[in-house]
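To start, the structure under review is shown below, and the notes come after it.
Protein chains: 2
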Amino acid sequence: MRVLIIEDDPLHRSFLQEAVRAALPECREVLEAANGVTGEELARSHGAEQIILDLQMPGRNGIEAARSIWRERPETRILFWSNYSDEAYVRGVSRIVPDGAAYGYVLKSAAEERLKLALRSIFIENQCVIDREVRGLQQKSLGPNNGFSDTEYEILVDVALGLTDRIIARRRNLSLRSVQNRLQQLYDKLEVYHSLGEETGAINLRTRAVTNALLRKLLNYSALEKAEAELQEWLKQSAVDR
Amino acid sequence: MRVLIIEDDPLHRSFLQEAVRAALPECREVLEAANGVTGEELARSHGAEQIILDLQMPGRNGIEAARSIWRERPETRILFWSNYSDEAYVRGVSRIVPDGAAYGYVLKSAAEERLKLALRSIFIENQCVIDREVRGLQQKSLGPNNGFSDTEYEILVDVALGLTDRIIARRRNLSLRSVQNRLQQLYDKLEVYHSLGEETGAINLRTRAVTNALLRKLLNYSALEKAEAELQEWLKQSAVDR
DNA sequence: ATAGATCTTGCGGGTTCCCGCAGGACGCCG
DNA sequence: CGGCGTCCTGCGGGAACCCGCAAGATCTAT
């Protein structure tokens, strides 16, 4: 067996190296990469089947790397190893995991023992291991009760990117009014109205919705970065269409 | 000599412990805290005069901790030890450092040797040590040429918090039109107009300004968090006034 | 199949935003 | 002192936003 570690922090990298050697004695080689780009290259050139992946890295982040790795070999087993359980990350991961793939999500704050257990479960038993805390988020956020549906999330992102209602309508193939309806749902769910004092009209709903989403970690830097890239792509595309 | 380490990541904590012991043999005791709150308590109860402080921590973050520590004992020597050189952090630190205080800002990605040198310079020689990269940011961002003046930054924050022009005017003691003038400067400096395709009117200037600021790390989570707290404070205050 | 819930769309209006224009206040310098 | 640049301020108008109302469309369930 061979394991690839993609992690930018050298301390965490050597810690992972250590943990892998201890938990997986059958592992005969451990590769290391310090960022997303070289990580992908290594994964491709060595045909890595077991990967430990940090989500937050400068440049190409973990989610992008995972997506392109899984696109080539969906059976790759990936353990996400992250500092945070931001809803933006959790959502991003859920969105890209292929059907039936074995993966894991363990927080860096977890005890070393948990990490080792997760390593064996995923890489040997081929089972999913999701940190309890992350699991809770998944259920809450993906259930339609309290959380945000995919379409609502799309609109939220569009608003955050600074698109006009009209452009959002064009991009998502909706009428202007429908976009505004969805916006109202958003304002409701994000509790934009109560976020300031009771001064009516004291608030710009649009930007406040975005910062509320940021404050509750529904959005974060890497989500914005990714969304921005997709938007630029779409802009090029739609310029051609017209 | 006694050194206090405030850092949430256990790996980095023990690494710092090690580095301090190696670089400062005259240090007879090293205290550790895993978050801002207990860090402040330890600093107070032990009268710590040398502190190594992580900026990004859950809950009470490094900037808040530093501010309250420096408020009590401005002669405390603090080494900021951070993953990032976001302009938001750099600006936040510059804003709170007392006159003549010795402090340092070293990135976690720096070589171990740099860290040790910085430790000696700050804690023994009482000299400031600012990472080159951070230094560059400081000069660029605080000079009025290319960067943002304090008043512009204030307005940017207010916009990000979702305040209306009218409320911003009231908060900053300006007329409505002045606020809007400043907004136009902001849109200009943040290059809001060119951030999308040349489609005129395709863009909501207000929210786009915020995300542009986020994307270039002029704002980040902890800056928003802090600004939100100050806003709530002001809301209470102004409710009393009225 | 019929009723009810949910989603979409159009219309209309009140409000806020964005900004050009122009007048006034203040400091600087020859 | 008279010009000049910079900032603050008011006015006005076009555009975008927020949202109540109401008529279709779609889907579900009994």
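Chains as they are written, first to last, in the working numbering: chain B, 1 to 242; chain P, 1001 to 1242. Just so you know, even glycine gets a beta-carbon here, dropped at the ideal spot from N, CA and C. Since this is a predicted model, take the numbers as computed values, not measurements.
Asked	Found
Nearest residue (CA-CA) to H1046(P), options S1238(P), E1072(P) and R1021(P)	E1072(P)
Residues that E1225(P) contacts on chain B, provided the C-beta gap is smaller than 9 Å	L215
Residues bridged to R2(B) [DSSP beta-bridge criterion]	E29(B)
Contact belief for A1209(P) with L1224(P) at Cβ below 8 Å, rounded distance in angstroms	Not quite, the Cβ-Cβ distance comes to about 14 Å (not below 8 Å), so this is no contact.
Cβ separation of G1036(P) and N1061(P), assumed to be a contact under 8 Å, to the nearest whole Å	6 Å
C-beta neighbour in chain B for Y1221(P), strict 8 Å	yes
CB contact check: L119(B) to chain P, cutoff 8 Å	no
CA-to-CA distance, N126(B) to E1133(P), given in whole angstroms	44 Å
Chain B contact for I990(P) (CB, 8 Å cutoff)	The requested residue 990(P) is not part of the displayed model; chain P covers only 1001 to 1242.
Distance CB(I63(B))-CB(S238(B)) smaller than 8 Å	no
Neighbourhood of I168(B) by C-beta distance below 6 Å, restricted to the same chain and skipping five residues each side	D158 and V179
At least three beta-carbon pairs within less than 8 Å, the stretch 8-20 of chain B to the stretch 1006-1014 of chain P	yes
Stretch pair the stretch 1066-1083 of chain P + the stretch 1105-1113 of chain P: three plus CB contacts closer than 8 Å	yes
Delimiting residues of the beta strand (DSSP E) encompassing I78(B)	R77 to S82
Whole-angstrom C-beta distance between G162(B) and T1164(P), which should lie under 8 Å	The Cβ separation is near 18 Å, so there is no contact.
Minimum Cβ-Cβ distance from V93(B) to chain P less than 8 Å	no
Neighbouring residues, chain P, relative to N181(B) (Cβ below 9 Å)	None at all; the shortest Cβ gap to chain P is about 18 Å.
Below-8 Å beta-carbon distance, F1015(P) vs any chain B residue	yes
D188(B) burial status per 10 Å Cβ neighbour count (16 or more: buried)	exposed
Backbone secondary structure at V97(B) - three-state DSSP	coil
Length of the line joining the Cα atoms of I1052(P) and P58(B)	24 Å
S1175(P) burial status per 10 Å Cβ neighbour count (16 or more: buried)	exposed
For G1036(P), the first and last residue of its enclosing alpha helix (DSSP H)	G1036 to H1046
Residue-level contact to chain P via CB, A202(B), 8 Å cutoff	yes
Uninterrupted alpha helix (DSSP H) stretches inside the stretch 1155-1195 of chain P (no shorter than 4 residues)	1165-1172 and 1176-1189
Pick from L186(B), L119(B), G136(B) and I130(B) that is closest to D150(B), judged by C-alpha positions	L186(B)
Element boundaries [alpha helix (DSSP H), containing G62(B)]	G62 to E72
Under 7 Å by beta carbon: chain P residues contacting G162(B)	I1203, N1204, T1207, R1208 and T1211
Sequence-distant residues of its chain with Cβ nearer than 7 Å to K116(B) (five each side left out)	A19, A22 and A23
Contact under 8 Å by Cβ, L4(B) with A66(B)	no
Identified DSSP bridge partners for G136(B)	Looking at the DSSP assignment, G136(B) forms no beta bridge with any residue, so it has no partner.
Residue from R170(B), R171(B) and R216(B) with nearest C-alpha to V192(B)	R216(B)
Neighbour flag for H1012(P) against chain B, beta carbons, 8 Å	yes
Per-residue burial, N220(B) [other beta carbons within 10 Å of its own, 16 or more giving buried]	buried
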